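This report refers to the structure that appears directly beneath it.
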Amino acid sequence: LFAEVLKMATDDGSESGRLVAIEGLAAAHALRGNLGVADSLYSVLLDMQRRRFEADSLSGMALVLTLRSRGEINLSRGLPELAGAAFADILRLDADGAVDLRPEDGVLAFTIEGLGQVRAAGGDTVAADSLRERATGLKLYAQGFSEYVSDDFDRAEQTLRAALHHQERFLG
Numbered sequence: 154l155f156a157e158v159l160k161m162a163t164d165d166g167s168e169s170g171r172l173v174a175i176e177g178l179a180a181a182h183a184l185r186g187n188l189g190v191a192d193s194l195y196s197v198l199l200d201m202q203r204r205r206f207e208a209d210s211l212s213g214m215a216l217v218l219t220l221r222s223r224g225e226i227n228l229s230r231g232l233p234e235l236a237g238a239a240f241a242d243i244l245r246l247d248a249d250g251a252v253d254l255r256p257e258d259g260v261l262a263f264t265i266e267g268l269g270q271v272r273a274a275g276g277d278t279v280a281a282d283s284l285r286e287r288a289t290g291l292k293l294y295a296q297g298f299s300e301y302v303s304d305d306f307d308r309a310e311q312t313l314r315a316a317l318h319h320q321e322r323f324l325g
């Protein structure tokens, strides 16, 4: 299906259609375990997205999601250096102000967790453990925030207390 959409979008000259089709193809290959093909497609997608982003016609979060996919795929492929570069690019987008990674949306937690997996793959278990604990605290906070905005105040309080307890216990 996505291959057909890509052909149609290419024939029509639709850059947006090509973005959607390539993203769908990449995700489909990743789900099938064709990680090399998926990473290659995500690389093409990322190049296209960067051009659109620079022209101010694409959200920085689209870049973040593609980078996250590339990071996860390259961890699965046993290529931690490529994964680390993808996760570092996410943090660079945040530092440059292109995106605003907030603890309540979860993206920051998964990025930190990915960096922890990269450090673990490189044998730096102390840094890996610290990053994983930070990611766990951020995930708890994001969950509590989600419960709060869903008006589940009792659960939100419990989850946010657990996040605070985790922070105090592991991070000081």
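Heads up, our numbering is the position in the sequence shown plus 153, with the first residue counted as 1. Note that the Cβ used here is the ideal one computed from N, Cα and C, for glycine as well. In this text, all values refer to a predicted model and were calculated from it rather than measured experimentally.
Secondary structure remark: continuous alpha helix (DSSP H) runs of at least 4 residues inside the stretch 222-268, in chain order: 233-248. About 4 Å separates the beta carbon of Gly224 from that of Ala239, a gap short enough to meet the 8 Å contact definition. In this structure, DSSP gives Asp277 a state outside helix and strand, which the three-state scheme calls coil. The Cβ atoms of Arg255 and Gly269 do not sit closer than 8 Å to each other. When Ala181, Ser167, Ser169 and Asp165 are compared, the shortest CA-CA separation from Phe155 is found for Ala181. The stretch 208-216 makes no contact with the stretch 182-191; the number of CB pairs closer than 8 Å stays below 3. In this structure, DSSP gives Asp192 a helical state, which the three-state scheme calls helix. For Gln311, the enclosing alpha helix (DSSP H) stretches over residues Phe306 to His319. Counting along the chain, Ser169 sits inside the alpha helix (DSSP H) bounded by residues Glu168 to Arg185.
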